[in-house]
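> These protein sequence lines are chains B and V, in that order.
The letter at position 79 of the first sequence is residue 79 when you use my numbering, and the numbering goes up by one with no holes.
All you need for my numbering is the position in the second sequence, starting with 1, plus 247.
Cβ coordinates follow ideal geometry from the N, Cα and C atoms, glycine included.
Keep in mind that this is a model prediction, so the values were computed, not measured.
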Amino acid sequence: MSRVELTDVVVDFPIYDGRSRSLRHRILGLGSGRIGASAGHNVVVHALRNISLSLTDGDRLGLIGRNGAGKSTLLRVVAGIYEPIAGRIVVTGRLGSLTNVTMGMDMDSSGYENIVVRGLMMGMTRRETLSHLSDIESFTELGDHLSLPLRTYSAGMLLRLGFAVSTSLAPEILVIDEMIAAGDRAFADKAAKRLDRLTSAAHILVVASHSPETLKRLCNKLALLRDGRLVDIGPVSEILQRYESEG
Amino acid sequence: MSDASEEGRMRRDLRLAWLDLLMAAQRWHLIVHLAWLDVRQRYRRSVLGPIWLTVSVAFQIGAMGLVYGELFHQDVSRYLPRLAFGLTMWGLISTMVADGCLCFISADSFLKQEALPKSMFPARVVMRSLIVFAHNLVVLLAVIVIFLPLPGWGALMALPGMALIAVNGMWIGLVVGLLCTRFRDLPPIVGSFMQVAFFLTPVIWVPEALHGKWWWLVSLNPFASFLSIVSDPLLDVPTPVSRWLVAIVVTLIGWTLAMLLFGRFRARITYWL
Chain B
1 MSRVELTDVV
11 VDFPIYDGRS
21 RSLRHRILGL
31 GSGRIGASAG
41 HNVVVHALRN
51 ISLSLTDGDR
61 LGLIGRNGAG
71 KSTLLRVVAG
81 IYEPIAGRIV
91 VTGRLGSLTN
101 VTMGMDMDSS
111 GYENIVVRGL
121 MMGMTRRETL
131 SHLSDIESFT
141 ELGDHLSLPL
151 RTYSAGMLLR
161 LGFAVSTSLA
171 PEILVIDEMI
181 AAGDRAFADK
191 AAKRLDRLTS
201 AAHILVVASH
211 SPETLKRLCN
221 KLALLRDGRL
231 VDIGPVSEIL
241 QRYESEG
Chain V
248 MSDASEEGRM
258 RRDLRLAWLD
268 LLMAAQRWHL
278 IVHLAWLDVR
288 QRYRRSVLGP
298 IWLTVSVAFQ
308 IGAMGLVYGE
318 LFHQDVSRYL
328 PRLAFGLTMW
338 GLISTMVADG
348 CLCFISADSF
358 LKQEALPKSM
368 FPARVVMRSL
378 IVFAHNLVVL
388 LAVIVIFLPL
398 PGWGALMALP
408 GMALIAVNGM
418 WIGLVVGLLC
428 TRFRDLPPIV
438 GSFMQVAFFL
448 TPVIWVPEAL
458 HGKWWWLVSL
468 NPFASFLSIV
478 SDPLLDVPTP
488 VSRWLVAIVV
498 TLIGWTLAML
508 LFGRFRARIT
518 YWL
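(1) Flag this pair as yes or no: are the beta carbons of Asp-59/B and Lys-221/B separated by less than 9 Å?
(2) I need the straight-line Cα distance from Val-497/V to Gly-416/V, nearest angstrom please.
(3) Return the Cβ separation of Val-251/B and Leu-61/B in integer angstroms, given the expectation that the two are a contact with Cβ distance under 8 Å.
(4) Around the Cβ of Leu-224/B, are there at least 16 other Cβ atoms within 10 angstroms (buried) or fewer (exposed)?
(5) Which partner residues of Phe-13/B appear in the DSSP bridge assignment?
(6) From the DSSP output, read off the bridge partner residues of Thr-342/V.
(7) Cβ of Phe-512/V less than 9 Å from any chain B Cβ?
(8) Kindly indicate which residue of Tyr-112/B, Met-122/B and Arg-151/B has the alpha-carbon position closest to the one of Thr-140/B.
(9) Could you check if Asp-250/V is buried or exposed, using at least 16 other CB atoms within 10 Å of its CB as the buried criterion?
(10) Between Val-91/B and Glu-137/B, what straight-line distance do the alpha-carbon atoms span, to the nearest angstrom?
(11) Taking the Cβ atom as the reference point for each residue, do Asp-227/B and Gly-87/B lie within a distance shorter than 9 Å?
(12) Between Pro-328/V and Leu-395/V, how many whole angstroms is the CB-CB distance? I'm expecting something under 8 Å.
(13) Would you mind sorting Leu-492/V into buried or exposed? The rule is 16 or more other CB atoms within 10 Å of its CB.
(14) Can you name the residues of chain B whose CB is closer than 7 Å to the CB of Ala-362/V?
(15) Answer yes or no: do Ser-54/B and Glu-5/B have a C-beta to C-beta separation smaller than 9 Å?
(16) If you follow the beta strand (DSSP E) that Gly-438/V is part of, which residue opens it and which one closes it?
(17) Report the option in Ile-89/B, Leu-63/B and Asp-57/B whose CA atom is closest to the CA atom of Asn-50/B.
(18) Hey, how far is the Cα of Gly-420/V from the Cα of Phe-473/V?
(19) To be precise: take each residue of the stretch 84-115 of chain B, compare its Cβ to all Cβ atoms of chain V, and keep it if any distance is under 9 Å. Which residues remain?
(20) So, with DSSP's three-state summary, where would you put Ala-202/B?
(21) By the three-class DSSP mapping on this structure, what secondary structure does Arg-259/V have?
(22) Any idea which residues DSSP pairs Lys-221/B with across the strands?
(23) How big is the Cα-Cα spacing for Val-423/V and Val-344/V?
(24) What residues in its chain sit with their C-beta under 7 Å from that of Ser-475/V, if we drop five residues either side in the sequence?
(25) Work out the CA separation of Ala-264/V and Val-155/B for me, nearest whole Å.
(26) When you compare only the Cα positions, how much space is there between Ser-22/B and Val-43/B?
(27) If you compare alpha carbons, which of Tyr-243/B, Thr-167/B and Ile-173/B is closest to Arg-194/B?
(28) Inspect the CB distances between the stretch 297-313 of chain V and the stretch 345-361 of chain V and report whether three or more fall short of 8 Å.
(29) Which term fits Pro-235/B, buried or exposed, when burial requires 16 or more other beta carbons within 10 angstroms of its beta carbon?
(30) So, under 8 Å CB-CB, Leu-499/V and Phe-332/V are touching, yes? Tell me the CB distance rounded to an integer number of Å.
(31) By DSSP, does Asp-232/B sit in helix, in strand, or in coil?
(32) Closer than 9 Å, CB to CB, is Leu-120/B near chain V or not?
(33) Do you know offhand how far Ser-32/B's Cα is from Gly-68/B's?
(34) Ser-209/B: buried (16+ other C-beta within 10 angstroms of its C-beta) or exposed?
(35) Does the beta-carbon of Thr-503/V have 16 or more other beta-carbons within 10 angstroms, so that it is buried, or is it exposed?
(36) Please state the DSSP three-state secondary structure of Thr-92/B.
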């Protein structure tokens, strides 16, 4: 059984900047209340404040909230990128994240070389990655381009490659940041199908999005974030309504 | 916070730091690959590629060997091999330190996107430095053939010396990498420290030139010890036991420091990027 459990998770980002003082004065004036001072008088951004959540098999959680509410930070905490400065997080199950699919790609290496590196980065061995090769080849439709260095690729081609490799493994806990909606029409349809396969295979899904359609399609519960706080968590339609009415 | 919970926390930190190192070791494939990419980046689109690195070292050793040999009134056939080993080994050590400073900073696009073991990145620097160092092997081999008697089995003692340098490169990367990520003024300070250390270490000068004065400059200088444990066996001169002793003590102290520091601040690295 897979499980994601957050207890009173706090994430503060310190800002070490020569002009931190003036920055503080300037931003405090705007009064969003998320920027304060740490004990050492450094400016900190309170990205997440005392978040508690518990997810088990079958949970499809959508994160909603305005820009800067802490959606991406929360995803990164779940993905293990940021370890909370206070509170606990327990994740059981093989985790995979689709946050930046073209991360770590080397423009001077060929498509094939990048597939292997990306696979290694996802925790696969070289052999495991190569076993997915034909699937990746056919999905990307890049053909002979895969032997050429990445700098010859267009943005769309790069995305296809990154997406294909990143989605070649089916994780038990899947973390997705904002739907990747680029590339031509035909590719977008194909990508959506592949993504659906992945999301339905995952035991737990956590996705951040601004699109009500996406959230309705993928999720069975929503969490509303505001200024780094978890304001409400509940059924999709209810939370969407609250989000839209409160703005 | 009570002492008990403080101690429990430290134990947990250390366990996580150790786990991080183990997970990095599991990904040695990726580490080697990233190191190779870094090296290849340097010769991208140059026709001679890796040969440039080798040729420039050969010229440096040749020119400095002749000029400084004359300055220090040394016999070239004795001085030049020492210089060759000294300069190349120093190159290895100083790149490990200088690049170690940036090991996390330069990996920010990885660290902010994926939950990778942090110690992968100092390991990548050590690996990259070793690959670059390997470019000198041709030159060193030529120096041995031209100036030295054929090395015997004793020369193999250079290998554990090299291994110990790599082991030290790893803790140095963890420590300076961590500190430099938090305090961005540090890299240039480390740079000038290494510059001073270069002149205080018998790389271009020979210890005999001190005539017994300032003996500690050589025998207590960790850099001198690390140079000595690798180059003495190759030069076919006996390595003083004290050199190994200093090297091992530095290794132990360094790793203790690294584990404490890395344990305490490992999780903060992503926040500092």
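In terms of the structure at hand:
(1) In the first sequence, residue 59/B corresponds to position 59, counting from 1. In the first sequence, residue 221/B corresponds to position 221, counting from 1. Taking 9 Å as the Cβ cut-off, Asp-59/B and Lys-221/B qualify as a contacting pair.
(2) As a position in the second sequence, residue 497/V is number 250, starting the count at 1. As a position in the second sequence, residue 416/V is number 169, starting the count at 1. So the alpha carbons of these two residues sit roughly 11 Å apart.
(3) With chain B represented from 1 up to 247, any question about residue 251/B goes unanswered, as that position is not in the structure.
(4) The residue you call residue 224/B lines up with position 224 of the first sequence. The residue is buried, with at least 16 neighbouring Cβ atoms inside 10 Å.
(5) Position 13 of the first sequence, counted from the start, is the residue given in the question as residue 13/B. Note: Phe-13/B sits in a beta bridge opposite Val-45/B.
(6) Taking the first residue of the second sequence as 1, we reach residue 342/V at position 95. Thr-342/V pairs with nothing; no bridge assigned.
(7) Position 265 of the second sequence, counted from the start, is the residue given in the question as residue 512/V. By this cut-off, Phe-512/V is not an interface position.
(8) In the first sequence, residue 140/B corresponds to position 140, counting from 1. Among Tyr-112/B, Met-122/B and Arg-151/B, the Cα nearest to that of Thr-140/B belongs to Tyr-112/B.
(9) Along the second sequence, read from residue 1 onward, the residue named residue 250/V stands at position 3. Exposed, because fewer than 16 other Cβ atoms sit within 10 Å of the Cβ of Asp-250/V.
(10) Position 91 of the first sequence, counting from 1, holds the residue named residue 91/B. Position 137 of the first sequence, counting from 1, holds the residue named residue 137/B. Cα-Cα distance, rounded: 32 Å.
(11) On the first sequence, position 227 is the one that residue 227/B refers to. On the first sequence, position 87 is the one that residue 87/B refers to. Against a cut-off of 9 Å, the Cβ pair of Gly-87/B and Asp-227/B comes out as no contact.
(12) As a first step, residue 328/V is located in the second sequence; it is residue number 81 there, counting from the start. As a first step, residue 395/V is located in the second sequence; it is residue number 148 there, counting from the start. Right, the Cβ-Cβ distance comes to about 6 Å (below 8 Å), so this counts as a contact.
(13) In the second sequence, counting from the first residue as 1, residue 492/V sits at position 245. It is exposed - the Cβ of Leu-492/V has fewer than 16 other Cβ atoms within 10 Å.
(14) Numbered from its first residue, the second sequence carries residue 362/V at position 115. Simply Ala-79, Gly-80 and Ile-81.
(15) The sequence position of residue 54/B within the first sequence is 54, counting from 1. The sequence position of residue 5/B within the first sequence is 5, counting from 1. For Ser-54/B and Glu-5/B, yes; Cβs fall inside 9 Å.
(16) Looking up residue 438/V in the second sequence gives position 191. Here Gly-438/V belongs to no beta strand (DSSP E); instead the alpha helix (DSSP H) covers 433-447.
(17) In the first sequence, residue 50/B corresponds to position 50, counting from 1. For the residues Ile-89/B, Leu-63/B and Asp-57/B, the minimum Cα distance to Asn-50/B belongs to Ile-89/B.
(18) In the second sequence, counting from the first residue as 1, residue 420/V sits at position 173. In the second sequence, counting from the first residue as 1, residue 473/V sits at position 226. Roughly 17 Å separates the two Cα atoms.
(19) Cβ contacts with chain V: Pro-84, Ile-85, Leu-95, Ser-97, Thr-99, Asn-100, Met-103, Gly-104, Asp-106, Asp-108, Ser-109 and Glu-113.
(20) By 1-based counting over the first sequence, the position of residue 202/B is 202. Under the three-state reduction of DSSP, Ala-202/B is assigned to coil, being neither helix nor strand.
(21) Indexing the second sequence from 1 puts residue 259/V at position 12. Residue state, collapsed to three classes: helix.
(22) The count along the first sequence starts at 1 and reaches residue 221/B at position 221. DSSP, once it has assigned bridges, lists Leu-61/B as partnering Lys-221/B.
(23) Numbered from its first residue, the second sequence carries residue 423/V at position 176. Numbered from its first residue, the second sequence carries residue 344/V at position 97. Each residue's alpha carbon lies about 8 Å from the other.
(24) Taking the first residue of the second sequence as position 1, residue 475/V is located at position 228. Sequence-distant partners of Ser-475/V (beyond 5 residues in either direction) whose C-beta falls short of 7 Å from its own C-beta, in its chain, are Thr-486 and Arg-490.
(25) The sequence position of residue 155/B within the first sequence is 155, counting from 1. The sequence position of residue 264/V within the second sequence is 17, counting from 1. According to the sequence displayed, residue 155/B carries Ala and not Val. Using only the alpha carbons, I get a separation of about 38 Å.
(26) In the first sequence, residue 22/B corresponds to position 22, counting from 1. In the first sequence, residue 43/B corresponds to position 43, counting from 1. With a pLDDT of 48 at Ser-22/B, under the threshold of 50, the predicted position of this residue should be treated as unreliable, though the coordinate-derived value follows. When rounded, the distance between both Cα atoms is 10 Å.
(27) Residue 194/B sits at position 194 when you count from the first residue of the first sequence. Looking at the Cα atoms, Thr-167/B is the closest of the given residues.
(28) no
(29) Position 235 of the first sequence, counted from the first residue, corresponds to residue 235/B. Within a 10 Å sphere around the beta-carbon of Pro-235/B sit fewer than 16 other beta-carbons, which makes this residue exposed.
(30) Taking the second sequence and counting its residues from 1, the one referred to as residue 499/V is at position 252. Taking the second sequence and counting its residues from 1, the one referred to as residue 332/V is at position 85. 25 Å between Cβ atoms; not a contact.
(31) Indexing the first sequence from 1 puts residue 232/B at position 232. DSSP places Asp-232/B in strand when its eight states are reduced to three.
(32) Here the question's residue 120/B lines up with position 120 in the first sequence. Judged by the 9 Å Cβ criterion, Leu-120/B is in contact with chain V.
(33) On the first sequence, residue 32/B is found 32 positions in, with the first residue counted as 1. On the first sequence, residue 68/B is found 68 positions in, with the first residue counted as 1. With a pLDDT of only 49 at Ser-32/B, under the threshold of 50, the placement of this residue in the model should not be trusted, and no figure is reported.
(34) For this step, residue 209/B is matched to residue 209 along the first sequence. It is buried - the Cβ of Ser-209/B has at least 16 other Cβ atoms within 10 Å.
(35) For the purposes of this step, residue 503/V is taken as residue 256 along the second sequence, with counting starting at 1. Looking at its Cβ environment, which holds fewer than 16 other Cβ atoms inside 10 Å, Thr-503/V is exposed.
(36) One-based indexing of the first sequence puts residue 92/B at position 92. Strand.
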